[in-house]
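For what it's worth, this note's numbering labels the leading residue of the sequence shown as 184, then goes sequentially. Backbone N, C-alpha and C fix where the C-beta goes; we use that ideal spot for every residue, glycine too. Structure record follows, encoded as structure tokens.
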Amino acid sequence: QELQLERAEDSHSNSSDTRPPFVLPSWIKPLLSKYQIILPSQPQLDKIAERNRRVLLADVAVTNGIFYNLNKWVPDSSNKQSNGDDEHTNTCITQAFRSVDSDDASIVISSIHLDASREEKRCAQIQRCLGQTASFSSHLPYALPLIIAGDYNCELSIGSCVSAFIKNAPDDSTSSQPKEGEEDSKSGMEEHKLRECASALRIPLTSVTPDNVKQWHSLYDDVETHVYDNCWVLKRANTGPTRMALDHDESNDNTTESNELCLKPWKLDHFVYTSNTLEAIKYWSTLEDDAESFKTGLPNERVPTDHLPLAAMFKIHPHPQLDQGPRKQLLASLEELELKQDADTRDTLVAIDKEKIDLEEKLQSQELVKVEEKPKRKKKPHPEMIQHIRQSRALKKQLKQTQSKEREQFVSGRCVLERMELQHALEMTCNEWIEKGRAK
């Protein structure tokens, strides 16, 4: 829920330093008889209000909020592990809830309003939501069910970096990704990325530079890596367009001779959810069932807001889990590999140390010049010792590369559930483990 808060009535506080706190508008307060609300702190609200006073000349706080039914849900932070970035902000509120009817039914809700102009900020904001969700699930091998709802300020179109968060969702009619056969080749996806890059930058396709493309690909790859590393399986509910406004993309495309801008329906508001634990079973229709707004745009005389509201109903499913047999076998294989690599490391270090001791004894026996008890300065190592040091470093480096390759082969081809179990046992992502192993 996106809200515009107002100052509490307080005739005694006229100073700018002692302004009354922000409160809910009076028209929405009747809802609080059944619902409780989670809002950012007053300092956060003051922060956005300061910006609005400066830019819009209005002392208001526009923020996000989460309303929850007191008879059905209770906020639950009992298992939350702080990650240093827990504060609710005006663009992201994330909270875990526990059902009052069942201790086993828990869910994380994230209410967001993503940046309007920069794709990298939108991606960072979603990653922050996912990180906070993971902190509520640190005691489990699997993440709690999650819904990220709000104004994404983008359409999650194929080729956009934000769409990479849902790229691995199971294929069906609700996916924004191309079905098998729709994408003719790798060049087809490249064209999608190029067009989305131009759209995000609000420039014509012909103005996109190689540096723009490089940065776009880098961000897209970073999102894919984050999703894989953290085993997210996200999907978008198949809701329709919620905004009818001028088509800025058409103004950036030089294919038309007309200077007139057309209205275009935009899918900017979304429900993105964990499709392995949630099922979107019902949702409101939007502009597809509002012919007047589709024709005149938003806001209009009948609809005073620039975005139509969304609503959806979800069914919670138990998280898929590995059977006990495969799970024990997986963890036993992990232990076997780590024990082997520990033994290989010990044997290598022992061999290096023995070679060093033997070499030192050899050089000492060959010493023709009596060594001073207190040399004035450190002597340069013997050429044979220098060669030994270099060979030892090369041997250690080669061992690390070999072991990293072994870990990569161990993880390669594992399903999402297996990687979740591995990461819970390792207390790090699989890619982190592949790169550096587990600290002993």
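Handout entry: Backbone CA spacing between Ser-260 and Ser-293 [nearest angstrom]
Key = When the Cα atoms are used, Ser-260 and Ser-293 turn out to be separated by approximately 14 Å.
Problem - Where Asp-269 falls: helix, strand or coil (DSSP) - result: Asp-269 carries a coil assignment under DSSP once its states are collapsed to helix, strand and coil.
Problem - Candidates Leu-297, Arg-237, Ser-321, of which the one nearest Tyr-335 by Cα - result: Nearest neighbour of Tyr-335 by Cα position, chosen from Leu-297, Arg-237, Ser-321, turns out to be Leu-297.
Problem - Per-residue burial, Thr-461 [other beta carbons within 10 Å of its own, 16 or more giving buried] - result: Reading the sequence as shown, one finds Leu at residue 461 and not Thr. Counting the other Cβ atoms within 10 Å of the Cβ of Leu-461 gives 16 or more, which makes it buried.
Exercise for the section: Consult DSSP for His-453 and reduce its assignment to one of helix, strand or coil. Expected result: Strand at His-453.
Practice task
Would you grab the beta carbon distance between Glu-601 and Ile-617 for me? Rounded to a whole angstrom, and I think it's under 8 Å.
Solution key: Beta-carbon to beta-carbon, Glu-601 and Ile-617 are separated by about 14 Å, too far to satisfy the 8 Å threshold.
Handout entry: Beta-carbon contacts of Tyr-251 that lie in its chain and below 7 Å, excluding the five residues immediately before and after
Key = Close CB contacts of Tyr-251 within its chain, under the 7 Å cut and outside five residues either way in sequence, are with Tyr-218, Gln-219, Phe-280 (chain order).
Exercise for the section: Could you say which of Cys-414, Lys-619, Leu-214 lies nearest to Pro-503 if we only look at CA atoms? Expected result: Of all alpha-carbon atoms in Cys-414, Lys-619, Leu-214, the one lying nearest the alpha-carbon of Pro-503 is that of Cys-414.
Handout entry: Length at least 3, wholly inside the region 216-291: the beta strand (DSSP E) runs in chain order
Key = Correct list: 218-221, 244-247, 249-252, 256-258, 275-282.
Problem - Residue span of the beta strand (DSSP E) that contains Gly-423, given as start and end - result: Counted as a single uninterrupted DSSP element, the stretch harbouring Gly-423 is not any beta strand (DSSP E), since DSSP gives it neither H nor E.
Exercise for the section: Use the C-beta contact count for Glu-363: other C-beta atoms within 10 angstroms, 16 or more gives buried, fewer gives exposed. Expected result: Unreliable positioning characterises Glu-363 in this predicted model, as indicated by a pLDDT of 44, which lies under 50. A coordinate reading is not provided.
Exercise for the section: May I ask which residues mark the beginning and end of the beta strand (DSSP E) holding Lys-611? Expected result: This sequence places Met at residue 611; Lys is not what is there. Counting along the chain, Met-611 falls outside any beta strand (DSSP E), and DSSP gives it neither H nor E.
Handout entry: When Val-406, Arg-621, Asn-247, Leu-513 are compared against Gly-587, the one with the closest alpha-carbon
Key = Checking the displayed sequence, the identity of residue 587 turns out to be Ser instead of Gly. Check the Cα spacing between Ser-587 and each of Val-406, Arg-621, Asn-247, Leu-513: the tightest is with Arg-621.
Practice task
Classify Ser-468 as helix, strand or coil using the three-state DSSP reduction.
Solution key: Here Ser-468 sits in coil by DSSP.
Practice task
Whole angstroms is fine: what's the gap from Ala-383's alpha carbon to Leu-377's?
Solution key: About 10 Å.
Exercise for the section: Locate the beta strand (DSSP E) running through Arg-311, then write down its first and last residues. Expected result: Taken as a continuous stretch (DSSP letters only), Arg-311 belongs to no beta strand (DSSP E), being part of the alpha helix (DSSP H) at 302-319.
Handout entry: Secondary structure of Ile-341, DSSP reduced to three states
Key = Correct three-state label for Ile-341: coil.
Problem - Close beta carbons around Val-486, own chain, < 6 Å, minus the five adjacent residues each side - result: Excluding residues within five positions, the ones whose Cβ falls inside 6 Å are Ser-476.
Practice task
Could you tell me whether the Cβ atoms of Leu-323 and Thr-457 are closer together than 9 Å?
Solution key: Their beta carbons are not under 9 Å apart, which means Leu-323 does not touch Thr-457 by this criterion.
Practice task
Pull up the distance between the alpha-carbon of Gly-248 and that of Leu-222, whole angstroms please.
Solution key: If you take the alpha carbons of Gly-248 and Leu-222, they lie about 5 Å apart.
Handout entry: Local Cβ density within 10 Å of Ala-191, reported as buried at 16 or more and exposed below that
Key = With fewer than 16 other Cβ atoms within 10 Å, it is exposed.
Practice task
Quick one: give me the first and last residue of the beta strand (DSSP E) that Ile-330 is part of.
Solution key: Unbroken beta strand (DSSP E) run through Ile-330: 329-334.
Exercise for the section: Using the DSSP secondary-structure output, state which residues sit across from Gln-187 in a beta bridge. Expected result: DSSP lists Val-245 as partners of Gln-187.
Exercise for the section: Name the residue from Val-245, Phe-319, Ser-285 whose alpha carbon lies nearest to the alpha carbon of Asn-262. Expected result: Taking Asn-262 as reference, the option from Val-245, Phe-319, Ser-285 with the minimal CA-CA separation is Phe-319.
Handout entry: Cβ-Cβ distance between Gly-423 and Ser-390 below 9 Å
Key = No, Cβ-Cβ distance for Gly-423 and Ser-390 is not below 9 Å.
Practice task
Can you give me the Cβ contacts of Glu-303 inside the same chain, cut-off strictly under 6 Å, excluding the 5 residues immediately before and after it?
Solution key: Beyond the five residues adjoining it in sequence on each side, Glu-303 comes within less than 6 Å, by CB distance, of Leu-402 in the same chain, given in chain order.
Practice task
Note the first and the last residue of the continuous alpha helix (DSSP H) segment covering Ile-572.
Solution key: DSSP places Ile-572 in the uninterrupted alpha helix (DSSP H) bounded by 566-594.
Exercise for the section: Please say whether Leu-605 and Thr-531 have beta carbons closer to each other than 9 Å? Expected result: In terms of Cβ geometry, Thr-531 and Leu-605 do not form a close pair [threshold 9 Å].
Exercise for the section: List the whole-angstrom C-beta distance separating Phe-348 from Val-410, where the pair is believed to meet the contact cut-off of C-beta under 8 Å. Expected result: 6 Å between Cβ atoms; contact.
Exercise for the section: Let me know the secondary structure DSSP gives Ala-299 once reduced to three states. Expected result: Ala-299 falls in the coil class under three-state DSSP.
Exercise for the section: Report yes if the CB atom of Gly-342 is closer than 9 Å to the CB atom of Cys-380, and no otherwise. Expected result: Going by beta carbons, Gly-342 and Cys-380 fall inside the 9 Å limit.
Problem - Distance between beta carbons of His-565 and Leu-546, contact taken as under 8 Å - result: Between His-565 and Leu-546 the Cβ distance is about 5 Å, and since that is below 8 Å, they are a contact.
Handout entry: DSSP three-state assignment for Val-391, whether helix, strand or coil
Key = Three-state result, Val-391: coil.
Handout entry: Whether Leu-493 touches Asp-430 by CB criterion (9 Å)
Key = No; because the gap between Cβ atoms is not below 9 Å, this pair is not in contact.
Exercise for the section: Provide the residue(s) that pair with Met-497 in DSSP beta bridges, ordered along the chain. Expected result: For clarity, residue 497 is Phe in the given sequence; the question names Met instead. Its beta-bridge partners are Ala-463.
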